[in-house]
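Everything on this sheet refers to the single structure shown next.
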Amino acid sequence: MSTALVIGGGIGGLGTAALLGRRGYEVTLLEKNALLGGRANHFEVDGFRFDMGPSWYLMPDVFEHFFALLGERVEDHLDLQRLDPSYRIVFRGTELEVDMYSDLDRDVETFERLEPGSGQALRTYLDSSAEQYEIAIDQFMYRNHDSFFDFIDRKTAKQGRQLHVFENMHKYISRTFSTDAVQKILEYQLVFLGSSPYNTPALYNIMSHIDFNMGVFYPRGGIYSIIRALEAIGTKHGVTYRTEAPVEQILTDGGRASGVRLASGEELYADLVVSNADMAHTETTLLPKAARTYPDRYWAKKTLAPSAFILYLGLEGRVPSLTHHNLAFGQDWKRSFGQIFDDPTWPDDPSYYVCAPSRTDPTTAPEGQENLFVLVPVAPGLSMTDDDIARYRRKALDLLATDFDVPDLESRIVFERTYTSRDFTADYNAYGGSALGLAHTMKQTAFRPNNISKKLSNLYYVGAATNPGIGMPICLISAELAYKRIIGDTSSGPLPV
4 MSTALVIGGG
14 IGGLGTAALL
24 GRRGYEVTLL
34 EKNALLGGRA
44 NHFEVDGFRF
54 DMGPSWYLMP
64 DVFEHFFALL
74 GERVEDHLDL
84 QRLDPSYRIV
94 FRGTELEVDM
104 YSDLDRDVET
114 FERLEPGSGQ
124 ALRTYLDSSA
134 EQYEIAIDQF
144 MYRNHDSFFD
154 FIDRKTAKQG
164 RQLHVFENMH
174 KYISRTFSTD
184 AVQKILEYQL
194 VFLGSSPYNT
204 PALYNIMSHI
214 DFNMGVFYPR
224 GGIYSIIRAL
234 EAIGTKHGVT
244 YRTEAPVEQI
254 LTDGGRASGV
264 RLASGEELYA
274 DLVVSNADMA
284 HTETTLLPKA
294 ARTYPDRYWA
304 KKTLAPSAFI
314 LYLGLEGRVP
324 SLTHHNLAFG
334 QDWKRSFGQI
344 FDDPTWPDDP
354 SYYVCAPSRT
364 DPTTAPEGQE
374 NLFVLVPVAP
384 GLSMTDDDIA
394 RYRRKALDLL
404 ATDFDVPDLE
414 SRIVFERTYT
424 SRDFTADYNA
434 YGGSALGLAH
444 TMKQTAFRPN
454 NISKKLSNLY
464 YVGAATNPGI
474 GMPICLISAE
484 LAYKRIIGDT
494 SSGPLPV
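Taking this note's numbering, the leading residue of the sequence shown gets 4, the next gets one more, and so forth.
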């Protein structure tokens with residue numbers, strides 16, 4: 004029986020381990036932390052249950068396909084609820100508040116109120132977005148690319164021209180929609196990709212199809228139920244999980260990865276190694292210099308996705324002004340994105356996100372109380388003194404109280420935890436303290452680090468840093484791409500179920 008070691012128990016690592024286990028490999032997954040999940044971690048305290056990272060369940064088609072690859076059905080593992088509304092938006096400096104429903108007729112009405120004449124334009128825009136999504140799924144997202152020539156066969160080149168690769172999202176959207184509010188509604192999804200509308204290719208207009216046409220869902224019990232499901236499926240296929248087992252070094256022998264050495268000194272050996280650890284950490288710390296495909300100088304030139312300033316709050320009493328997902332948009336987006344990507348500093352008029360899962364799932368908080376997850380995107384690598392954190396905590400709470408009309412916010416806090424770039428580095432070895440990894444800029448979309456080592460013949464990568472990129476469903480596709488590498492499948496689309 005062939006053996007495999009998977010370093011890291013994020014969604015990509017869990018997915019790859021389960022696929023290899025089902026294939027017949029003897030798989031051991033090694034996780035640094037006490038719990039599986041990577042950035043999709045969770046914790047419970049005083050009757051509150053907090054998902055620590057991802058909180059949006061999008062692209063249900065990808066989850067359905069991946070579970071089917073494992074011989075499973077999503078509905079046997081997850082109790083999904085379609086959110087209604089999908090999310091609420093407030094626009095700072097105005098009285099404007101809108102709810103979006105992923106119901107085209109209702110959303111068209113909202114667009115017409117915001118920008119007369121934009122309703123039909125939205126329908127046309129989403130038709131195009133849906134077509135481009137199908138092209139991306141069929142030809143690009145599920146395909147391993149090794150060189151530029153993989154993009155220029157006749158079919159790929161023809162379809163690729165329809166994806167608006169060489170235009171940024173803001174310019175693309177501005178050609179059709181003129182008002183600030185509408186443009187922001189169509190651009191905010193780029194935060195999921197760790198990018199800015201001013202440096203992200205317009206091919207990511209497919210995010211609008213994912214949002215408006217597919218809908219936004221919530222798995223009852225929280226996002227961590229996805230982790231439990233993948234762990235259970237892997238267990239069914241013989242995967243062994245070892246937590247609190249940080250890897251110190253990837254061992255090599257004759258141009259191959261032969262195994263790993265744990266921080267405890269224990270050595271494990273296998274026929275292949277898959278790393279779901281932070282890719283920069285894998286390359287610059289876990290591998291000897293001679294075996295590095297992407298050394299320190301490579302990462303120093305890359306554009307990182309934002310870090311995050313996060314508050315986990317337990318509140319006394321309910322907050323009826325919030326829905327499950329809530330977004331507050333600052334007034335000058337270009338300046339705010341510049342403070343993250345171009346001139347790193349603490350955003351002075353930040354856009355931010357509030358998740359209130361207890362509005363949907365009462366099991367996430369004690370009766371009569373509210374569970375809030377507040378995330379402010381900030382530049383990676385910012386100064387993070389205790390004074391900085393205390394000052395920005397005060398700013399975040401003041402904005403939350405004002406933007407979403409949460410009276411007496413400070414006095415209602417019964418539990419509070421802050422999470423910053425320092426924690427992302429400590430918990431996940433995150434390069435630069437980024438919450439997500441490499442941003443989806445134009446160059447870093449087409450040319451992300453490949454998922455196979457150029458120096459070691461049996462070392463593979465999975466996760467947000469490699470293809471196709473950031474996000475829970477995207478990391479499941481990344482797991483399928485790593486699996487394709489291992490089994491020698493060169494097809495362009497999803498594997499047949």
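The C-beta atom is built at its ideal place from N, Cα and C for all residues, glycine as well.
According to the DSSP assignment, Arg259 belongs to the beta strand (DSSP E) that extends over 259-265. In the three-state scheme derived from DSSP, where H, G and I count as helix and E and B as strand, Leu189 is classed as helix. Selection Met62, Thr243, Arg338, Asp406 evaluated against Ser199 yields Arg338 as nearest (Cα-Cα). Met210 is not a Cβ neighbour of Ala468, given a cutoff of 7 angstroms. Closest by C-alpha distance to Tyr60, out of Tyr315, Asn374, Ile230, is Ile230. Assignment of beta strand (DSSP E) within the region 208-263, counting only whole runs of 3 or more residues, yields 220-222, 243-245, 250-256 in chain order.
Under the three-pair Cβ rule at 8 angstroms, the region 297-317 counts as touching the region 268-288. Around the beta-carbon of Ile490, fewer than 16 other beta-carbon atoms lie within 10 Å, marking it exposed. Residue burial is scored here from C-beta neighbours: Arg25 has at least 16 other C-beta atoms within 10 angstroms and is therefore classed as buried.
With distances taken between CA atoms, Thr127 lies nearest to Ile176 out of Thr97, Lys458, Ile176.
Annotation: the continuous alpha helix (DSSP H) that includes Glu115 extends over 107-117. When only Cα atoms are considered, Glu373 and Arg420 end up about 14 angstroms apart.
The criterion of a C-beta distance shorter than 7 angstroms is not satisfied by Val377 and Leu318. Taking all protein chains in view, the Cβ of Thr31 is crowded by 16 or more other Cβ atoms within 10 Å, so the residue is classified as buried.
Gly237 counts as buried, since no fewer than 16 other beta carbons sit within 10 angstroms of its beta carbon. In chain order, Ala124, Tyr128 place their CB closer than 7 angstroms to the CB of Thr179, counting only its own chain and leaving out the 5 sequence neighbours on each side. Per DSSP, Gln123 is one residue of the alpha helix (DSSP H) stretching across 121-138. For Phe53, the enclosing beta strand (DSSP E) covers residues 51-54. Under the 8 angstroms Cβ criterion, the region 375-391 counts as touching the region 350-357, having at least three qualifying pairs. In this structure, Glu251 is the residue among Val322, Ser89, Glu251, Ile392 with its C-alpha nearest to the C-alpha of Leu289. The C-beta of Leu99 has fewer than 16 other C-beta atoms within 10 Å across all chains shown, which makes the residue exposed. Under the 8 angstroms Cβ criterion, the region 46-63 counts as touching the region 219-229, having at least three qualifying pairs.
Under the 10 Å beta carbon count, Tyr464 is surrounded by 16 or more other beta carbons and is classified as buried. Between the alpha carbons of Thr363 and Asp82 lies a distance of about 13 angstroms.
With a minimum length of 3 residues, the unbroken runs of beta strand (DSSP E) contained wholly in the region 388-465 fall at 416-422, 462-464. Separation of the CB atoms of Phe407 and Ser460 is rounded to 53 angstroms, and the pair is thereby denied contact status at 8 angstroms. Secondary structure note for Pro380: it is in no alpha helix (DSSP H), and the uninterrupted beta strand (DSSP E) holding it is 372-381.
Going by C-alpha positions, Asp430 is about 11 angstroms away from Leu38. For Met475, DSSP records no beta bridge to any residue.
Note on Tyr272: under 16 other CB atoms within 10 angstroms of its CB, so exposed under the neighbour-count rule. Under the 10 Å beta carbon count, Thr243 is surrounded by fewer than 16 other beta carbons and is classified as exposed. The C-beta distance from Leu316 to Ile253 rounds to 40 angstroms, too long to fall under 8 angstroms, and the pair is not in contact. Gly341 sits in a helix when the DSSP states are folded into three classes.
Annotation for Met103: the continuous beta strand (DSSP E) segment containing it runs 100-103. Of the other Cβ atoms in all chains shown, 16 or more fall within 10 Å of the Cβ of Ser437; this residue is therefore buried. By the criterion of a C-beta distance shorter than 8 angstroms, Ala133 is surrounded in its chain by His212, Asn216, once the five residues flanking it on both sides are discounted.
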